[in-house]
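Basically the numbering used here = 1-based index in the sequence shown + 366.
Using N, Cα and C, we set each Cβ at its ideal position, and we do this for glycine too.
Since we're looking at a predicted model, the values are computed, not measured.
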Amino acid sequence: MSRTLIETPRTLERALLVHVELPQEGVHEDVGELQQLVQSAGAWPVACLTTSRSAPDSRLFIGRGKAEQIRTSVCELNAQVVIVNHELSPAQERNLEQFLGCRVVDRIGLILDIFAQRASSFEGKLQVELAQLSRLASRLVRGWTHLERQKGGIGLRGPGETQLETDRRLIGARIKQINRRLSQVANRRDLSRRARRKASVPVVSLVGYTNAGKSTLFNRMTGAHTQTADQLFATLDPTLRRLTLPAGRSVIVADTVGFIRHLPHDLIAAFRATLEETRSANLLLHVIDSTSPEREMRVEQVNKVLAEIGAAEIPQIEVYNKIDLDLRLQPGVERGPDGEVKRVLMSAHSGEGMSVLLHALSENCMPQRAHLYVCLPPSAGKLRARLYELGSVLGEQQEADGAWMLKVEIPRPSLERLCRREGLDESCIAA
367 MSRTLIETPR TLERALLVHV ELPQEGVHED VGELQQLVQS AGAWPVACLT TSRSAPDSRL
427 FIGRGKAEQI RTSVCELNAQ VVIVNHELSP AQERNLEQFL GCRVVDRIGL ILDIFAQRAS
487 SFEGKLQVEL AQLSRLASRL VRGWTHLERQ KGGIGLRGPG ETQLETDRRL IGARIKQINR
547 RLSQVANRRD LSRRARRKAS VPVVSLVGYT NAGKSTLFNR MTGAHTQTAD QLFATLDPTL
607 RRLTLPAGRS VIVADTVGFI RHLPHDLIAA FRATLEETRS ANLLLHVIDS TSPEREMRVE
667 QVNKVLAEIG AAEIPQIEVY NKIDLDLRLQ PGVERGPDGE VKRVLMSAHS GEGMSVLLHA
727 LSENCMPQRA HLYVCLPPSA GKLRARLYEL GSVLGEQQEA DGAWMLKVEI PRPSLERLCR
787 REGLDESCIA A
């Protein structure tokens, strides 16, 4: 099936999109999202070819018949690049390029290209380069046969190592250098986080699917001027601003990179220092596009990435954004069975419901903090480290049996929730 899209100006790179429905994926890839990714990368989708397969073809991923149809479309539409809405193996990507006679980019390569364009800070550029090199290291091919080792007599021996081996060695050395520099950046960030903990300044991190409106909400809350655009991954570099809540307490609000389905693992690893701002937050504002038909799937994907970076246990408030685009929705707050705020409905663009969100933040960030004592067994080292990370520990004494007696300043419900997650009974807590 072929679907021709809007004509593009000649200045943009012409891209032919290929989408394959695979039953084992469990969820259907969103073709509309692929078009947004392509446009965010600075190309123009001239057509989209879709097909179904029971399993990917080991050589071409799409099968020879469909590949011939794509080759014809490339010539007819004068496409300069073919973008496949799936991850291709290095062999499949090379085979398709040879067969089609043009560049082939898979979904992962497309996302990496967008990140490379968006990165503006020194750290962001290093992170993107690290992800690109990690991907490139597995995709080097034997393209330098004239420099291979030779077997034979005098005059027929080649250099001591092939160009392929040289490239791998150089890439490995550059990856090590980038990791060292990122480690230095991570150490500086950690010092800043420690200073905030000592000053008892809570950190609220904005998370969510890309293009859900996080940066618009961040600007509305803090008066910042972070770049916003109706495109995927408009913001990459994390931005932190101080916000004074209605009750008078100050918090730090962090705007972070948006998530997406099938976010490359290399990219998650490269941006781990940046995502650490999310992991160390006291509260997450999960910004959700209330108008998206794939809202529930996107919420699931964000929570999946949060679990992968170790942020699943952080308290979370869902912010249903863009209610100005749906007349059925009104600004308001929804609470859970325990009375805690679970969801806020608002519009970051128009400002509707902003006061509701700020009061919900005041309530969450200024609960009644009590001085409590908690006895942790030696096996609860993870919970002990988490309490220190939250800046809640006021004192500690180690018992003869190796257990820890901690004096903490933390809301009792929060401490009970942390204990339950570690399988500890609430009897270990004393006033």
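For the beta strand (DSSP E) containing Y575, list its first residue and its last residue.
Numbered from its first residue, the sequence shown carries residue 575 at position 209. Here Y575 belongs to no beta strand (DSSP E), and DSSP marks it neither H nor E.
Counting beta carbon pairs with one atom in the stretch 640-647 and one in the stretch 759-770, are three or more of them shorter than 8 angstroms?
no
Please report the residue range of the alpha helix (DSSP H) in which H725 lies.
Numbered from 1 along the sequence shown, position 359 holds the residue referred to as residue 725. Element bounds for H725: 720-731.
Are A647 and I680 touching if we call contact CB-CB under 8 angstroms?
What you label residue 647 is simply residue 281 of the sequence shown in a count that begins at 1. What you label residue 680 is simply residue 314 of the sequence shown in a count that begins at 1. The answer is yes: Cβ separation under 8 angstroms.
Going by Cα to Cα distance, which pick from A485, C731, L572, Y739 is closest to L611?
The residue labelled residue 611 in the question sits at position 245 within the sequence shown. Minimum Cα distance to L611 is reached at C731.
Buried versus exposed call for N687 [16 or more other C-beta atoms within 10 Å across all chains shown]
Here residue 687 corresponds to residue number 321 of the sequence shown, with the count starting at 1. Buried, since its Cβ has 16 or more Cβ neighbours within 10 Å.
With L502 and I537 assumed to form a contact (beta carbons below 8 angstroms), what rounded beta-carbon distance in angstroms separates them?
Taking the first residue of the sequence shown as position 1, residue 502 is located at position 136. Taking the first residue of the sequence shown as position 1, residue 537 is located at position 171. About 6 angstroms; that satisfies the 8 angstroms criterion.
Could you name the residues of the same chain whose beta carbon sits closer than 6 angstroms to that of L691, not counting the 5 residues immediately before and after it, in chain order?
For this step, residue 691 is matched to residue 325 along the sequence shown. Closer than 6 angstroms at the Cβ level, and outside the excluded window around L691, lie T657.
From the DSSP output, which residues share a beta bridge with V330?
Past the edges of the chain, shown from 367 to 797, lies residue 330, and the structure says nothing about it.
Applying the 10 Å Cβ sphere with the 16-neighbour rule, what's the burial state of L426?
Start at 1 with the first residue of the sequence shown, and residue 426 comes out as number 60. Classification for L426: buried.
Could you give the distance in angstroms between the alpha-carbon of G789 and the alpha-carbon of L649?
The residue given as residue 789 occupies position 423 in the sequence shown. The residue given as residue 649 occupies position 283 in the sequence shown. Between G789 and L649, the C-alpha separation is close to 22 angstroms.
Could you have a look at G490 and say whether DSSP puts it in helix, strand or coil?
Here residue 490 refers to the residue found at position 124 of the sequence shown. Three-state result, G490: helix.
Taking contact to mean 3 or more Cβ pairs, one atom from each stretch, closer than 8 angstroms, check whether the stretch 549-556 and the stretch 572-583 are in contact.
no
Sequence-distant residues of its chain with Cβ nearer than 8 angstroms to I634 (five each side left out)
On the sequence shown, residue 634 is found 268 positions in, with the first residue counted as 1. Answer for I634: L641, V671, E674, I675, listed in chain order.
Of the residues L415, V450, V386, the one placed nearest A421, counting alpha carbons only:
Position 55 of the sequence shown, counting from 1, holds the residue named residue 421. Nearest option by C-alpha distance: V386.
Following the continuous beta strand (DSSP E) through I480, name the residue where it begins and the one where it ends.
Start at 1 with the first residue of the sequence shown, and residue 480 comes out as number 114. I480 -> not in any beta strand (DSSP E); alpha helix (DSSP H) instead, spanning 473-484.
First and last residue of the alpha helix (DSSP H) that includes T438?
For this step, residue 438 is matched to residue 72 along the sequence shown. First-last of the alpha helix (DSSP H) with T438: 430-443.
Contact the stretch 710-726 vs the stretch 763-772: 3+ CB pairs below 8 angstroms
no
For N687, the three-state DSSP class (helix, strand or coil)
Indexing the sequence shown from 1 puts residue 687 at position 321. N687 falls in the strand class under three-state DSSP.
May I ask whether a heavy atom of the ligand GTP can be found less than 7 angstroms away from the beta carbon of Q696?
The model depicted lacks the ligand GTP and carries no ligand whatsoever.
Unbroken beta strand (DSSP E) run spanning C414, endpoints
As a first step, residue 414 is located in the sequence shown; it is residue number 48 there, counting from the start. It spans 409-418 - the beta strand (DSSP E) in which C414 sits, taken as one unbroken run.
At the level of alpha carbons, what is the spacing between P568 and G624?
The count along the sequence shown starts at 1 and reaches residue 568 at position 202. The count along the sequence shown starts at 1 and reaches residue 624 at position 258. For P568 and G624, the distance between alpha carbons rounds to 22 angstroms.
Alpha carbon to alpha carbon, what distance is there between I544 and L492?
For the purposes of this step, residue 492 is taken as residue 126 along the sequence shown, with counting starting at 1. For the purposes of this step, residue 544 is taken as residue 178 along the sequence shown, with counting starting at 1. Straight-line Cα distance between these residues: approximately 6 angstroms.
With DSSP as the reference, identify every bridge partner of L641, one or two as the case may be.
For the purposes of this step, residue 641 is taken as residue 275 along the sequence shown, with counting starting at 1. None, per the DSSP bridge assignment.
Outcome for N461 when other beta-carbon atoms lying within 10 angstroms are tallied against a minimum of 16
On the sequence shown, position 95 is the one that residue 461 refers to. With 16 or more other Cβ atoms within 10 Å, it is buried.
Report the rounded CA-to-CA distance for P744 versus L784, giving the unit in angstroms.
As a first step, residue 744 must be located in the sequence shown, where it is residue number 378. As a first step, residue 784 must be located in the sequence shown, where it is residue number 418. When rounded, the distance between both Cα atoms is 16 angstroms.
Determine the DSSP secondary structure at T511, reduced to helix, strand or coil.
Taking the sequence shown and counting its residues from 1, one reaches residue 511 at position 145. Note on T511: pLDDT 44, under 50, position unreliable in the model; no value is reported.
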